[in-house]
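Peer 1: For the sequence shown, numbering that gives the first Met the number 0 gives the first residue as 0, with consecutive numbering after it. A virtual CB, placed ideally from N, CA and C, is assigned to each residue, including glycine. Just so it is clear, the structure is predicted and the values come from calculations on it, not from any experiment. First, the structure itself, so that you have it in front of you.
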Amino acid sequence: MPKRLLFFCLPILALIVFLPTRPVIGRDERVPVHQAVEIETLVNEAAETIESKGRTAFPEFRRKNSPWRYGDVYLFVVDMQGIVLFNAAHPNREGRDLLQEHDAAGKQFHKDFIGVVRESGSGWVDYMFPRPRRSTPEVKWSYVCATIVDGTPALVGAGVYVE
């Protein structure tokens, strides 16, 4: 096999082998690619909507059975100091400083959200969090993306619970 063909085929083979699920950072639980792409698309579109509409987009994001909120999927918005600006499923968290909050495993996931956004602009964070209307924490992967809310640097995110 010519070297050129080998250099072309190896990266493609690596993608086929390693791309069936993502993200694969941290714990062993994985998110199927179709769900990861769905969440990333939702969050990126929400970031654009927030930048154009500001907080006036929040009531639209809160509406159940909409493109923004369905099943266990919902949006949340946090400023870069850890203040929750919006949470569709848990409105009681809004206005609270949750930077120091720990999940059931002791992980400060809001710090991780902010760190990912500061470092890369967007990315995935895994943590333990209860589904809406439940109290037992489960593994959740959230995708977060930088945005600007009425002039305030923030992040918007949504996640998927690992089955």
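L84 and A157 - do their beta-carbons sit closer together than 8 Å?
Peer 2: no
Peer 1: Can you tell me where the beta strand (DSSP E) holding L84 begins and where it ends?
Peer 2: V83 to N86
Peer 1: Does the count of Cβ pairs from the segment 62–71 and the segment 95–106 closer than 8 Å reach three?
Peer 2: no
Peer 1: Taking A46 and T146 to be in contact with their CB atoms under 8 Å, please state how far apart those CB atoms are, rounded to whole angstroms.
Peer 2: 4 Å
Peer 1: If we ignore side chains and look at the alpha-carbon of each, how far apart do L154 and Q80 end up?
Peer 2: If you draw a straight line from the Cα of L154 to the Cα of Q80, it comes to about 10 Å.
Peer 1: If you reduce the DSSP assignment to three classes, tell me which class K63 lands in.
Peer 2: Here K63 sits in coil by DSSP.
Peer 1: Tell me the rounded alpha-carbon separation between E59 and A88.
Peer 2: 13 Å
Peer 1: Would V143 be called buried (16 or more neighbouring beta carbons within 10 Å of its own) or exposed?
Peer 2: buried
Peer 1: Where does E137 fall in DSSP's three states?
Peer 2: strand
Peer 1: Which partner residues does S121 have in the DSSP bridge list?
Peer 2: C144
Peer 1: For G122, tell me which candidate among Y160, E50, W140 and R92 has the shortest Cα-Cα distance.
Peer 2: W140
Peer 1: Hey, I49 and V30 are a contact pair by Cβ (cut 8 Å); roughly how many whole angstroms apart?
Peer 2: About 23 Å; that fails the 8 Å criterion.
Peer 1: If you count every other CB in all the chains shown that lies within 10 Å of the CB of H109, and 16 or more means buried, which is it?
Peer 2: Classification of H109: buried, given that the 10 Å Cβ count is 16 or more.
Peer 1: Report the partner residues of P129 according to the DSSP bridge assignment.
Peer 2: In DSSP, P129 forms a bridge with P136.
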